[in-house]
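Enquirer: Can you keep this structure in mind? I'll have questions shortly.
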Amino acid sequence: MPDLSKITCIEDLRVVAKRRVPKMFYDYADSGAWTEGTYRANESDFQKIKLRQRVAVNMEGRSTRTTMIGQDVAMPVAIAPTGLTGMQHADGEILGALAAKAFGIPFTLSTMSICSLEDIAENTDRHPFWFQLYVMKDRDFIERLIDRARAANVSALQLTLDLQILGQRHKDIKNGLTT
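Counting with my numbering, you get residues 381 to 559 for the letters of the sequence shown.
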């Protein structure tokens, strides 16, 4: 286990993951589809965000608390749906949901998760979480997933429509990883 007190940035975490996670799973998380242009553009766009320090400002009474879709949250962020998190760490989705609960923010389970809706509900004391639903041709399957989400206390459903054509992930092809 790495000494987390020595982790100072996301790059440090990426290096640790590269050492600890099997290559095909690391490449899945650290890549994108086709030419990876969107992946690289996202990285570049995030690097442009600058946080400015404000000094001599009265911070009394300030709070990051707010609501998101009617749900009280500690700050206006959520853990986005991350498919196949369980490849990176056993019970990865459960751990993500528990971390979100501890920080008072929403967790979003992906349709493409290793852990099920029921796993998340059972391990988070039915704390509300969100579910990202890939809309697929099999409407009966989708209806059953929605019923399971409702039974698992999901408080928001996020519809994703980009699964009609799977992106070709070149590193996955080379590593023999298929879903």
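Just so you know, even glycine gets a beta-carbon here, dropped at the ideal spot from N, CA and C.
On a predicted model such as this, the values are computed, not experimentally measured, just so you know.
Just checking, does the segment 491-501 make contact with the segment 510-522 on the three C-beta pairs under 8 angstroms criterion?
Expert: The segment 491-501, when compared against the segment 510-522, does touch it at the 8 angstroms Cβ threshold.
Enquirer: Near ARG528, what residues of its chain come up, given a Cβ to Cβ distance below 6 angstroms and the 5 sequence neighbours on each side ignored?
Expert: Position 148 of the sequence shown holds residue 528. For ARG528, where only same-chain residues beyond five positions count, the Cβ hits under 6 angstroms are LEU497.
Enquirer: Label GLN427 either buried or exposed according to how many other C-beta atoms from any shown protein chain fall within 10 Å of its C-beta, with 16 as the threshold for buried.
Expert: The residue you call residue 427 lines up with position 47 of the sequence shown. Label assigned to GLN427: exposed.
Enquirer: Would you list the residues sitting across from ALA536 in a DSSP beta bridge?
Expert: Position 156 of the sequence shown, counted from the first residue, corresponds to residue 536. Its beta-bridge partners are TRP510.
Enquirer: State yes or no: is the C-beta of GLY547 within less than 9 angstroms of the C-beta of ALA421?
Expert: Along the sequence shown, one-based indexing puts residue 547 at 167. Along the sequence shown, one-based indexing puts residue 421 at 41. No. Outside cutoff.
Enquirer: From this set, ILE459, ILE485, GLY484, which residue's C-alpha is nearest GLU473's C-alpha?
Expert: Position 93 of the sequence shown holds residue 473. Here the closest residue by C-alpha is ILE459.
Enquirer: Assign ILE449 to one of two classes, buried (16 or more other C-beta atoms within 10 Å of its C-beta) or exposed (fewer than that).
Expert: Residue numbering aside, residue 449 sits at position 69 when the sequence shown is read from its first letter. ILE449 should be labelled exposed.
Enquirer: Check each candidate in VAL435, GLY476, PRO456 and name the one with the smallest Cα separation from THR465.
Expert: Stepping through the sequence shown from its first residue, residue 465 is reached at position 85. For THR465, the nearest C-alpha among the options comes from GLY476.
Enquirer: Taking GLN427 as part of the alpha helix (DSSP H), name the residues at either end of that continuous run.
Expert: For the purposes of this step, residue 427 is taken as the residue at position 47 of the sequence shown. Residues 417-427.
Enquirer: Use the C-beta contact count for ARG549: other C-beta atoms within 10 angstroms, 16 or more gives buried, fewer gives exposed.
Expert: Here residue 549 is taken as the residue at index 169 of the sequence shown, counted from 1. Buried: at least 16 other Cβ atoms inside 10 Å.
Enquirer: To which residues does DSSP link PHE521 through a beta bridge?
Expert: Mapped onto the sequence shown, residue 521 falls at position 141. PHE521 is not bridged to any residue.
Enquirer: Alpha carbon to alpha carbon, what distance is there between ARG434 and GLN468?
Expert: Your numbering for residue 468 matches position 88 in the sequence shown. Your numbering for residue 434 matches position 54 in the sequence shown. Cα to Cα, the separation comes out at about 37 angstroms.
Enquirer: Taking the alpha-carbon positions, what's the VAL395 to ARG530 distance?
Expert: Counting from 1 along the sequence shown, the entry for residue 395 is found at position 15. Counting from 1 along the sequence shown, the entry for residue 530 is found at position 150. If I take the Cα positions, the gap works out to 38 angstroms.
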